[in-house]
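> Residue numbering for the sequence shown follows UniProt numbering, beginning at 1 and increasing consecutively.
Backbone N, C-alpha and C define an ideal beta-carbon position, used for all residues, glycine too.
These figures come from a predicted structure and were not determined experimentally.
For reference, the structure I am asking about is given below.
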Amino acid sequence: MNNKLLVIARVIIFISIGLWFFTHNQNASLQEIDLESVNNKKPDIIITSVYDNYRVDSDLKTAWGFSCLIETPAERILFDTGGSSDILPFNLEKMNIDPRSIQKIVLSHIHGDHVGGLNGFLEQNNQVTVYIPHTFPSSIREMIINHHAKIHEISEPMKISDFVYSTGELPGPPNEQSLLIDSQKGAVLITGCAHPGIVNIVLKAKDIIKKETIYLALGGFHQPPLSVVKELRKIGVKKVAPSHCTGDSVREIFAEEYQEDFIEFGVGQVIKIKKIAHRGSDFDS
Numbered sequence: 001m002n003n004k005l006l007v008i009a010r011v012i013i014f015i016s017i018g019l020w021f022f023t024h025n026q027n028a029s030l031q032e033i034d035l036e037s038v039n040n041k042k043p044d045i046i047i048t049s050v051y052d053n054y055r056v057d058s059d060l061k062t063a064w065g066f067s068c069l070i071e072t073p074a075e076r077i078l079f080d081t082g083g084s085s086d087i088l089p090f091n092l093e094k095m096n097i098d099p100r101s102i103q104k105i106v107l108s109h110i111h112g113d114h115v116g117g118l119n120g121f122l123e124q125n126n127q128v129t130v131y132i133p134h135t136f137p138s139s140i141r142e143m144i145i146n147h148h149a150k151i152h153e154i155s156e157p158m159k160i161s162d163f164v165y166s167t168g169e170l171p172g173p174p175n176e177q178s179l180l181i182d183s184q185k186g187a188v189l190i191t192g193c194a195h196p197g198i199v200n201i202v203l204k205a206k207d208i209i210k211k212e213t214i215y216l217a218l219g220g221f222h223q224p225p226l227s228v229v230k231e232l233r234k235i236g237v238k239k240v241a242p243s244h245c246t247g248d249s250v251r252e253i254f255a256e257e258y259q260e261d262f263i264e265f266g267v268g269q270v271i272k273i274k275k276i277a278h279r280g281s282d283f284d285s
């Protein structure tokens, strides 16, 4: 009798241990699935050139100026508006981008080839917040207010959206802000014209994010001296996509120096940055 009770007790203990391991492993698997599903719901960051004097899509119009669309899991942000209220909406329509799907506009600096398309855009969509450098003239403020859009002035580095930050207004002339996108691969830096100097902007960006490298620098580099090409390599810029005011000869040098890390960027180009940073990640300003 005692032997039977001992056997039964052992069986009960064995079953209990088995159930514990089964439940534990099930919970672990569920946690892994949940984490995976959360990650899969995070789309890539997508950067699309919608206005530039360089072109990669012959169906789109090109003119002197710059504008790109940034798509994050949170929203769509238009960085600069090019120089024409006719060309920007034409390109957006051709690329099946609804202006009303854009929640925010960030203007880098006051030059007409970067703010010239603003009025036309606001006529199509005034339900946006426009982020401008603090030193912008009153005429731009009045335009935004007259369209009943929201306005936010920037002087210091600040968060624009999840994963997206302004460098703050840097001295030019003219004064200019650039954008930083937080990515697990590294920070992505987008410049309008880089009037403060592309090297200065990169160093400021690295100081803001407390990292040694910039994964990608993109936009207008304002025809810098050729020495800047190697200098950007030295200070940790891994990939480049120079466009707009960079200059043909300088772009060629960038292409030679960066080889496979050089990205041709012009209107119609789409760049996807995978593995965005976690939502809670913030830059130190």
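Take G112 and list the residues in its own chain whose beta-carbon comes closer than 7 Å to its own, dropping the five residues that flank it on each side.
G83
> Cβ of V106 within 8 Å of Cβ of V267?
no
> Along the chain, where does the alpha helix (DSSP H) containing D57 start, and where does it finish?
Note, D57: premise wrong, no alpha helix (DSSP H); not H, not E.
> Ignore the nearest five residues each way along the sequence and tell me which others in P173's own chain have a CB closer than 8 Å to its CB.
H195
> Taking the alpha helix (DSSP H) that E93 falls in, what are its first and last residues?
87-94
> Using the rule of at least 16 other Cβ atoms within 10 Å of the residue's Cβ for burial, across every protein chain shown, is K104 buried or exposed?
By the 10 Å Cβ count, K104 comes out buried.
> I think H148 touches N126, with their Cβ atoms under 8 Å apart; what is that distance to the nearest whole Å?
5 Å
> Between which two residues does the alpha helix (DSSP H) holding V128 run?
Taken as a continuous stretch (DSSP letters only), V128 belongs to no alpha helix (DSSP H), as it is neither H nor E.
> For M158, which beta-bridge partners are listed by DSSP?
S166
> Hey, how far is the Cα of K94 from the Cα of L60?
7 Å
> Of all the options Q259, E256, E260, T246, which has the alpha carbon lying nearest to the alpha carbon of Y54?
T246
> Starting from the N-terminal side, write out each stretch of the beta strand (DSSP E) that is 3 residues or longer and does not extend beyond the stretch 190-265.
214-220, 237-243
> Once the 5 residues before and after N119 are set aside, which same chain residues still bring their CB inside 7 Å of it?
S85, M143
> Please report the Cβ distance between I190 and S178, rounded to the nearest whole angstrom; I am assuming they are in contact, meaning their Cβ atoms lie under 8 Å.
Between I190 and S178 a beta carbon distance of about 6 Å is seen, short of the 8 Å cut, so the two are scored as contacting.
> Rounded to whole angstroms, what's the CA-CA distance from P225 to P133? Just pull it up for me.
26 Å
> If you reduce the DSSP assignment to three classes, tell me which class E142 lands in.
It is helical.
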